[in-house]
Amino acid sequence: MAKVSVVIPVYNVEKYLRQCLDSVIGQTLTDIEIICVNDGSKDGCFDILREYSKRDERIIVIDKENSGYGDSLNIGISAAQGEYISIIEPDDFIDLNMFEVLYDMAKKNDCEIAKCDWNNYWTKNNQSVKNGKIHPEWTQRVVSCHDYPEILCVQPSVWSGIYKRSFLEENNIKFLTTPGASYQDTSFTFKVYALAKRIILTAKSYHYYRQDNEASSINNKSKADVIFHEYDEINHFLEQNKSLCDSFLTQKLHNEYYAYKWTVKRISPEMREDFIKKVSGRFKGYRENNKITEEFVSDVIGIKLLECLINDTKKYRTVIEKEIRREKFKRFRRNLISVKINKARVSIMLLGKQIVSIG
């Protein structure tokens, strides 16, 4: 049995796939299996996968018609035989010692989950910035979300970690099979962290999360609505696990509100009114059913903004669109003039173009 099964869901990422695969096959932990699920890619991904599978017998290629990210991951996890499972996005890459570090942490401490921090990575200027969301206090010992509920509020991400396969199977934790690839790690991540009794974390970062589409928009209504399905699933999960609901309802509300807010900022303007009305209806229902906590109101949204969301969606949209304009201006100002340091050379960039080079 392999120590780690690496599941890579592949769809139209020809440009980045080789870098991803090279970082996985070059791991210092060699006792791994690599399961690549080609989700009906229309570019050269399948040819690349076949090429690599001929070079490395640890690579298993599953080729299927396009059915979405969640279904691809479920198929890959079902095929996995390893003690632990890791999921790597095909446009990301990892340090060569990541699995050795995480597996050693998990085994020594008998944990269901071992996870590291990650670096946000931009291809254009080959720059990475540490995410910094794993608090050092969480890394001093084996923990659970009962010790630190705020762990649940870290950006949902299935990558940069390993999960004990028997833990996933015993709790029947799977991905939703909604269309596309947006948001589908949301309910999976919430469930694994809420249920795990032994989690080991490190603030060191070994994973590079590609940010090339940082300001990308969502123009398809069905893709935007996937986030509602994810939180329907989480709500159902909490209804079935009353003690977890009592412990983690505030964190669920925190994540849900910010996921909706993030989506409002990414969808096309003509979709915002309808989407905000749906969000308003959900939070109105939560309030009517006493499922909004005082901590969520005081620490996250504030009573005025909550009332605005529930009772005046046009005003709420105005508030959000002001935030969007401020954020666009900040991005413009950040990109207006930048400094790039490469070994002994310093370059000054204007709107992404080099204007001065020193060294």
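Numbering (the working numbering), first residue to last: 31 to 389.
For every residue, glycine included, the Cβ atom is placed at its ideal position computed from N, Cα and C.
None of these values were measured; they are calculated from a predicted model.
Open item on the list: From the DSSP secondary-structure annotation, give me the bridge partner or partners of Ile390.
Closed with: The structure shown does not extend to residue 390, since the chain spans only 31 to 389, so no value can be given for it.
Task: DSSP-derived helix/strand/coil call for Ser205 - done: By 1-based counting over the sequence shown, the position of residue 205 is 175. Ser is not the amino acid found at residue 205; the sequence shown has Phe there. Residue state, collapsed to three classes: coil.
Task: Backbone CA spacing between Ile181 and Lys282 [nearest angstrom] - done: To locate residue 181, count along the sequence shown from 1; it is residue 151. To locate residue 282, count along the sequence shown from 1; it is residue 252. If you take the alpha carbons of Ile181 and Lys282, they lie about 11 Å apart.
Open item on the list: Is it buried or exposed, Trp292, if we count other Cβ atoms within 10 angstroms and call 16 or more buried?
Closed with: Counted from its first residue, the sequence shown places residue 292 at position 262. It is exposed - the Cβ of Trp292 has fewer than 16 other Cβ atoms within 10 Å.
Task: Residue interval of the beta strand (DSSP E) (run including Pro120) - done: Locating residue 120 in the sequence shown gives position 90, counting from the first residue. Counting along the chain, Pro120 falls outside any beta strand (DSSP E), and DSSP gives it neither H nor E.
Task: Cβ-Cβ separation, Tyr99 to Leu51 (assumed contact under 8 Å), whole Å - done: For the purposes of this step, residue 51 is taken as the residue at position 21 of the sequence shown. For the purposes of this step, residue 99 is taken as the residue at position 69 of the sequence shown. By a beta-carbon distance limit of 8 Å, Leu51 does not contact Tyr99. Their separation comes to about 18 Å.
Task: Which of helix, strand or coil DSSP assigns to Leu59 - done: Here residue 59 refers to the residue found at position 29 when the sequence shown is read from its first residue. Reduced to three states, the DSSP call for Leu59 is coil.
- [ ] Since I believe Glu63 is in contact with Ser35 (beta carbons under 8 Å), could you give me their beta-carbon distance rounded to a whole number of angstroms?
- [x] Position 5 of the sequence shown, counted from the start, is the residue given in the question as residue 35. Position 33 of the sequence shown, counted from the start, is the residue given in the question as residue 63. Between Ser35 and Glu63 the beta-carbon gap is near 5 Å, inside 8 Å, which marks them as a contact.
- [ ] Please work out which residues of its chain come closer than 6 Å, Cβ to Cβ, to Tyr213, disregarding the five sequence neighbours upstream and downstream, and give them in chain order.
- [x] Here residue 213 refers to the residue found at position 183 of the sequence shown. Excluding the 5 residues flanking it on each side, Tyr213 has same chain C-beta neighbours closer than 6 Å at Val256, Ile257, Glu260, in chain order.
Open item on the list: Comparing C-alpha positions only, which one of Asp125, Tyr133, Asp61 sits nearest to Ile230?
Closed with: Taking the sequence shown and counting its residues from 1, one reaches residue 230 at position 200. For Ile230, the closest of Asp125, Tyr133, Asp61 by C-alpha to C-alpha distance is Tyr133.
Open item on the list: From the DSSP secondary-structure annotation, give me the bridge partner or partners of Asp147.
Closed with: For the purposes of this step, residue 147 is identified with residue 117 of the sequence shown, where counting begins at 1. Its beta-bridge partners are Ser235.
Task: Chain-order list of residues whose beta-carbon lies under 8 Å from that of Cys183 (same chain, five-residue window excluded) - done: For the purposes of this step, residue 183 is taken as the residue at position 153 of the sequence shown. So the qualifying residues of the chain are Gln281, His284, Asn285.
TODO: Look at the Cβ atom of Phe218, then the Cβ atom of Phe205, and state whether they are nearer than 8 Å.
DONE: In the sequence shown, counting from the first residue as 1, residue 218 sits at position 188. In the sequence shown, counting from the first residue as 1, residue 205 sits at position 175. Yes, the Cβ-Cβ distance between Phe218 and Phe205 is below 8 Å.
- [ ] Determine the DSSP secondary structure at Pro39, reduced to helix, strand or coil.
- [x] As a working note, residue 39 is residue 9 in the sequence shown. Three-state DSSP puts Pro39 in a strand.
- [ ] Go ahead and pull the three-state DSSP assignment for Gly162.
- [x] Along the sequence shown, read from residue 1 onward, the residue named residue 162 stands at position 132. In the structure shown, Gly162 sits in coil (DSSP, three-state: anything other than H, G, I, E or B).
- [ ] Excluding the 5 residues preceding and the 5 following Trp396 in the sequence, name in chain order all residues of the same chain whose CB lies nearer than 6 Å to its CB.
- [x] Here the chain covers residues 31 to 389 and nothing more, so residue 396 does not appear.
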